[in-house]
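Accompanying notes for the structure given below.
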Amino acid sequence: MAPAGPRSGDAIFASVERVNAELFTLTYGAIVRQLLTDLEEVDEVNKQLDQMGYNIGIRLVDEFLAKSNVSRCVDFKETAEVIAKVGFKMFLGVGASVTNWDAEGTCCSIVLEDNPLVDFVELPDTCQGLYYCNVLSGVIRGALEMVSVPSCASLSLVFSSSS
Amino acid sequence: MIGASKIKQYSNVLEKPLSKGKQEVSLSAFAFLFSELVQYNQTQVDNIAELERRLEDAGYAVGARCLELLCHREKVYHIIVKLCVMFMPFWLSQGNRRETRLLGILSFVHSTVWKVLFGKVADSLEKGTEHEDEYMISEKELLVNRFISIPKDMGTFNCGAFVAGIVRGVLDSAGFPAVVTAHFVPMEGQQRPRTTILIKFAEEVLRREARLG
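Residue numbers (numbering that gives the first Met the number 0), protein chains in the order written: chain V, 0 to 162; chain R, 0 to 212.
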């Protein structure tokens, strides 16, 4: 039997069980609020969010590989595309695009048009410098580490909210 | 690239139009996130009671916001209905009303809140037989407990404390203070126990309810 080809993000998202995005958003907000209360320092919170994301990423990558059937990516460009088009779509239900490649092809930006994590969120002045979605960087970092993509030293996400 | 920048397309989050609430994420995304919430809280506490309290506090924040969101959304919807059906005045009396009666708010939690958050109405809503102020919402398997198994040494710990917190948040913000807890109820012939959310209303709620007749 020939192996099934890679599935598109939309197809996978349609086939998995889904929950209301607002439950997800509010739960994440509760997590960030708890962290801010416990740790107080914005840098500590950023680190903790990244660590949480890392813990999620190392387990999430198994599900990703099992459901998406992607073949091994040949280079980092393809990896980034797969993360943006398939990964984000199948877990968060939103598409992302890859932009801003640097000259060597080692650095890029993944732009999320519509991020369910930041619905209803406004950062007060006391929390400037908080990377609210830092959990997403951690997830990507953890996932990539599990599939042996050589060390990603720093990952941060640019997200733009559409009006 | 260092630094996450948010390109503001609107100056104030309150000016952004309210979505219809139909957006979804995958269940596994939520399950992963919830498991991280529980694991993080486990590192911050020494005992089970404290862990349940922290989960409940997290849920409380969700519940309070959920009530606000649902009420606002219902109001917006009904304003649109009002505009569209101007020749049907009896429609104007629907919705856009604050629940003031006990059964009203319980049925709101049991149906509307559950439907929005978990995609289905709760399995059952019962009045407690032993005490006047107790009500129970039961669910065969809470969404948050789907992928969680409790080790024996954690005794009666239930991650449904998060959902209990949500219910408490909704009730408290609606003006019905209560103590809400989650319990496992073993069912005959079933491997996984049922979960019951026990709601014990404060004295003042019962007095008010009696006064309203």
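We treat Cβ as the ideally placed atom computed from N, Cα and C, and that holds for glycine. Please read these numbers as outputs of a predicted model, since none were measured by experiment.
Partners in chain R for residue i, counting only beta-carbon separations shorter than 7 Å
i	result
residue 127 of chain V	Result: empty, since nearest Cβ-Cβ is about 11 Å, beyond 7 Å.
residue 20 of chain V	22, 23 and 24
Interface flag, residue i vs chain R, CB-CB below 8 Å
i	result
residue 92 of chain V	yes
residue 64 of chain V	no
residue 44 of chain V	no
residue 32 of chain V	yes
residue 105 of chain V	no
residue 37 of chain V	yes
residue 57 of chain V	no
residue 119 of chain V	yes
residue 143 of chain V	no
residue 54 of chain V	yes
residue 166 of chain V	Here chain V comprises residues numbered 0 to 162, so residue 166 of chain V is not present and cannot be evaluated.
residue 15 of chain V	yes
CB contact check: residue i to chain V, cutoff 8 Å
i	result
residue 43 of chain R	yes
residue 118 of chain R	yes
residue 137 of chain R	no
residue 162 of chain R	no
residue 65 of chain R	yes
residue 91 of chain R	Unreliable placement is indicated for residue 91 of chain R, whose pLDDT of 39 sits below 50; no coordinate value is reported for it.
residue 115 of chain R	yes
residue 142 of chain R	yes
residue 12 of chain R	yes
residue 57 of chain R	yes
residue 107 of chain R	no
Distance between residue j and residue i (C-alpha atoms, nearest Å)
i	j	result
residue 200 of chain R	residue 114 of chain V	38 Å
residue 117 of chain V	residue 111 of chain V	11 Å
residue 155 of chain R	residue 50 of chain R	12 Å
residue 129 of chain V	residue 45 of chain V	6 Å
residue 60 of chain V	residue 14 of chain R	37 Å
residue 141 of chain R	residue 120 of chain R	11 Å
residue 35 of chain V	residue 41 of chain V	7 Å
residue 101 of chain R	residue 130 of chain R	15 Å
Given residue i as reference, the closest of the options once Cα atoms are compared
i	options	result
residue 76 of chain V	V/146, V/98 and V/61	V/98
residue 124 of chain R	R/111, R/118, R/131 and R/105	R/105
residue 70 of chain V	V/7, V/29 and V/141	V/7
residue 184 of chain R	R/159, R/207, R/203 and R/165	R/159
residue 84 of chain V	V/102, V/63, V/103 and V/101	V/63
residue 28 of chain R	V/31, V/32, V/52 and V/140	V/52
residue 104 of chain V	V/73, V/86, V/132 and V/133	V/73
residue 135 of chain R	R/153, R/193, R/171 and R/116	R/193
Proximal chain R residues relative to residue i, where beta-carbon distance stays under 9 Å
i	result
residue 74 of chain V	The contacting residues do not exist; residue 74 of chain V stays about 19 Å from chain R at best.
Closer than 7 Å at the beta carbon, the chain V residues around residue i
i	result
residue 158 of chain R	None at all; the shortest Cβ gap to chain V is about 12 Å.
residue 61 of chain R	25, 26 and 29
Contacts that residue i makes with chain V (C-beta to C-beta distance below 8 Å)
i	result
residue 39 of chain R	30, 33, 34, 47 and 51
residue 29 of chain R	18, 22, 23 and 26
residue 33 of chain R	26
Nearest-angstrom beta carbon gap, residue j and residue i [assumed within contact, 8 Å]
i	j	result
residue 181 of chain R	residue 162 of chain R	6 Å
residue 112 of chain R	residue 169 of chain R	6 Å
residue 197 of chain R	residue 179 of chain R	7 Å
Under 8 Å by beta carbon: chain R residues contacting residue i
i	result
residue 115 of chain V	22 and 24
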